[in-house]
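Under UniProt numbering, the first residue of the sequence shown is numbered 57, with each subsequent residue one higher. Everything below concerns the one structure shown next.
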Amino acid sequence: VKRDGTRVFDLTMRAGKKEFRAGQKTSTWGFNGDYLGPTLRAARGEKVQAKIKNSLGEESTVHWHGMHLPAEMDGGPHQMVAPGATWTPHWTVNQPAATLWYHPHPHGKTEKHVQRGLAGMFLLDDEKSGRLALPKKYGVDDLPVIVQDVKFDGAEFDHGHKLMSDTGFLGNRTMVNGTLDPYKEVGDELVRLRLLNASTARIYDFGFSDARDFALIGTDGGLLEKATRMDRIRMSPGERAEIVVRMKPGERTTLRSFPNDSYADSWSTRFAGGDDSFDVLQLRAKKTLRDSPELPAALGELEVPDGSDSVRGRFFGLLTSGINGKKMEMGRIDETVTRGTAETWTVRNEHSTPHNFHIHDVQFRVLEVDGKEPPAELRGAKDTVFVPGNTTVKLAMRFDGPADPDTPYMYHCHLLFHEDLGMMGQFVVV
Ligand code: C2O
Ligand code: CU
Ligand code: CU
Numbered sequence: 057v058k059r060d061g062t063r064v065f066d067l068t069m070r071a072g073k074k075e076f077r078a079g080q081k082t083s084t085w086g087f088n089g090d091y092l093g094p095t096l097r098a099a100r101g102e103k104v105q106a107k108i109k110n111s112l113g114e115e116s117t118v119h120w121h122g123m124h125l126p127a128e129m130d131g132g133p134h135q136m137v138a139p140g141a142t143w144t145p146h147w148t149v150n151q152p153a154a155t156l157w158y159h160p161h162p163h164g165k166t167e168k169h170v171q172r173g174l175a176g177m178f179l180l181d182d183e184k185s186g187r188l189a190l191p192k193k194y195g196v197d198d199l200p201v202i203v204q205d206v207k208f209d210g211a212e213f214d215h216g217h218k219l220m221s222d223t224g225f226l227g228n229r230t231m232v233n234g235t236l237d238p239y240k241e242v243g244d245e246l247v248r249l250r251l252l253n254a255s256t257a258r259i260y261d262f263g264f265s266d267a268r269d270f271a272l273i274g275t276d277g278g279l280l281e282k283a284t285r286m287d288r289i290r291m292s293p294g295e296r297a298e299i300v301v302r303m304k305p306g307e308r309t310t311l312r313s314f315p316n317d318s319y320a321d322s323w324s325t326r327f328a329g330g331d332d333s334f335d336v337l338q339l340r341a342k343k344t345l346r347d348s349p350e351l352p353a354a355l356g357e358l359e360v361p362d363g364s365d366s367v368r369g370r371f372f373g374l375l376t377s378g379i380n381g382k383k384m385e386m387g388r389i390d391e392t393v394t395r396g397t398a399e400t401w402t403v404r405n406e407h408s409t410p411h412n413f414h415i416h417d418v419q420f421r422v423l424e425v426d427g428k429e430p431p432a433e434l435r436g437a438k439d440t441v442f443v444p445g446n447t448t449v450k451l452a453m454r455f456d457g458p459a460d461p462d463t464p465y466m467y468h469c470h471l472l473f474h475e476d477l478g479m480m481g482q483f484v485v486v
């Protein structure tokens, strides 16, 4: 923290080697360390500054996924950091407590940069959520769970795409926080997991091995209005969910990803990974557990519009070949929105390949999925939403950041292979 109160984060992007498997080192990239990056944390109202040093030997960027901030601080493909250079974006945190994350965004190379290990969590706090009786001892009963699928090819990561799949890279095992076969010993009755799907293409359907239920308390942009009990939650790349699970003394349970049939047909189920299952993280409860207070009945207030004051609608048709028939062009602005207004965006997946949709700078409310009320896991603030094959989602968001006619924000499919292929567009706020 600087004298004027600015919270400073020093991050160096660098190459490394990590021993994921005994006796075998894998070439990796990481922030400060060999793989992934430190968890950053700031509070609403705080000024933050990042010092990003690029020691990779090739250009990259750092994007603050889910953060509401000026376009030139966003870290998208227009804020490239040259090898050896340092980039120092700064902004004031002005949004609810949430689990956000950061990762590179170089146009055409995002899949590779993330897959090599450049990703980390960025947690936001606020006063109201700080007063709630939620598990909040970081690393004790409040755990970051960064889920990635990987494949090893000798001493290297295998970055190849699965045969017949146009989804992008799919691994054959998963890691949590860069660890294979992970487990965590816990000493509290209630454990909060901050799930982040940091995989490049894989869609997970998380639940527990013994089918126990859990409380969903938060989505991408922060806490829900109230906790919702469920036993499965589907997460596409880039999405976050905060869940709270109850443990009994001495027991074990495993967070698992189950096969799911959310795809348009059996072909895409099979080749987009819908038949796969993974043991993601084992929880091992100690013989005696500390009591946890009951979850509060009311959590947060959603600060996302409900569509009633939208001044304009837009349509986005998704195909792997582009959005609205166009591939991303760095020099073309696709949409211009008016500062301070709310809009309703309709996003339609026009074929059977799974996609999702992420919008920079804003959090949105999912108004409808195929004309119906969204499922519980989509009833919070979101910045990324899964759009299964032949499905339409309707989203409402408000653009209340500073105007900047020259610097665009991105919207794109967060299956990074698709993003790199050009499933991305640009909007400016004026
Ligand atoms: Cu997490 Cu534009 O991305
Ligand atoms: Cu983003
Ligand atoms: Cu896609």
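Note that CB positions come from ideal geometry on N, CA and C, so glycine has one too. Note that the coordinates shown come from a computational prediction; the quantities given were computed from them, not determined experimentally.
**Study point:** Contact set for M386: own chain, Cβ-Cβ below 7 Å, skip 5 residues either direction
**Key:** Indexing the sequence shown from 1 puts residue 386 at position 330. Result list for M386: P133 and H163, in chain order.
Practice item. Please find out if some non-hydrogen atom of ligand 5 comes closer than 8 Å to the beta-carbon of H411. Key: Absence of ligand 5 from the depicted structure is noted, with ligand 1, ligand 2 and ligand 3 being the only ligands included.
Point to revise | Coarse secondary structure for K184, derived from DSSP in three states | key: In the sequence shown, counting from the first residue as 1, residue 184 sits at position 128. Helix at K184.
Check your understanding: When DSSP labels each residue in this structure, what does T166 get in the three-state scheme?
Key -> Here residue 166 refers to the residue found at position 110 when the sequence shown is read from its first residue. Correct three-state label for T166: helix.
Review point. What are the residues that DSSP puts in a beta bridge with H468?
Key: Along the sequence shown, read from residue 1 onward, the residue named residue 468 stands at position 412. Its beta-bridge partners are H414 and M480.
Check your understanding: Counting pairs of beta carbons, one from the segment 275 to 284 and one from the segment 325 to 343, are three or more of them closer than 8 Å?
Key -> no
Check your understanding: Looking only at C-alpha atoms, which of R395, K343, T344 and K109 sits nearest to L67?
Key -> As a first step, residue 67 must be located in the sequence shown, where it is residue number 11. Closest option to L67, Cα to Cα, is K109.
**Study point:** Contacts around F442, its chain only, beta-carbon distance under 6 Å, and the 5 residues preceding and following it disregarded
**Key:** Within the sequence shown, the letter at position 386 stands for residue 442. Within the same chain, F442 has close Cβ partners S292 and N412.
Exercise for review: Express the C-alpha separation of G306 and A341 in angstroms, rounding to a whole number.
Suggested key: The residue you call residue 341 lines up with position 285 of the sequence shown. The residue you call residue 306 lines up with position 250 of the sequence shown. Distance between the alpha carbons of A341 and G306 is about 5 Å.
Check your understanding: For the candidate residues Y91, P152 and T448, whose alpha-carbon lies nearest to that of H184?
Key -> Along the sequence shown, one-based indexing puts residue 184 at 128. Per the sequence shown, residue 184 should be read as Lys rather than His. Nearest option by C-alpha distance: P152.
Exercise for review: Return yes when at least one heavy atom of ligand 1 lies under 8 Å from the C-beta of E212, else no.
Suggested key: Position 156 of the sequence shown, counted from the first residue, corresponds to residue 212. For ligand 1, not one heavy atom lies less than 8 Å from the Cβ of E212.
Practice item. Please go through the UniProt domain "Plastocyanin-like" (73 to 184) and give each complete beta strand (DSSP E) segment of 3 or more residues, from N-terminal end onward. Key: 80 to 87, 96 to 99, 103 to 111, 119 to 121, 146 to 148, 154 to 159 and 176 to 181
**Study point:** Selected residue, minimal CA-CA separation from I259, among D182, D269 and S333
**Key:** Position 203 of the sequence shown, counted from the first residue, corresponds to residue 259. If we check each option's Cα against that of I259, S333 comes out closest.
Exercise for review: Tell me whether S366 sits in a helix, a strand or coil according to DSSP, three-state version.
Suggested key: Along the sequence shown, read from residue 1 onward, the residue named residue 366 stands at position 310. Looking at S366 - three-state DSSP - the assignment turns out to be strand.
Check your understanding: Can the beta-carbon of S348 be found less than 9 Å from the beta-carbon of E399?
Key -> Along the sequence shown, read from residue 1 onward, the residue named residue 348 stands at position 292. Along the sequence shown, read from residue 1 onward, the residue named residue 399 stands at position 343. No. Outside cutoff.
**Study point:** Contact under 9 Å by Cβ, N405 with G445
**Key:** By 1-based counting over the sequence shown, the position of residue 405 is 349. By 1-based counting over the sequence shown, the position of residue 445 is 389. Contact flag set, yes.
Check your understanding: R312 lies in the beta strand (DSSP E); which residues open and close that run?
Key -> Mapped onto the sequence shown, residue 312 falls at position 256. Here the beta strand (DSSP E) through R312 covers R308 to S313.
Exercise for review: Alpha carbon to alpha carbon, how far is D287 from G131? Give it in angstroms, no decimals.
Suggested key: By one-based count along the sequence shown, residue 131 stands at place 75. By one-based count along the sequence shown, residue 287 stands at place 231. In a straight line, the C-alpha of G131 is about 36 Å away from that of D287.
Point to revise | Rounded straight-line distance, which links the Cα of V484 to that of P461 | key: Here residue 461 is taken as the residue at index 405 of the sequence shown, counted from 1. Here residue 484 is taken as the residue at index 428 of the sequence shown, counted from 1. If I take the Cα positions, the gap works out to 6 Å.
Review point. In three-state DSSP terms, what is L434?
Key: Sequence index remark: in the sequence shown, residue 434 carries index 378 (1-based). Looking at L434 - three-state DSSP - the assignment turns out to be helix.
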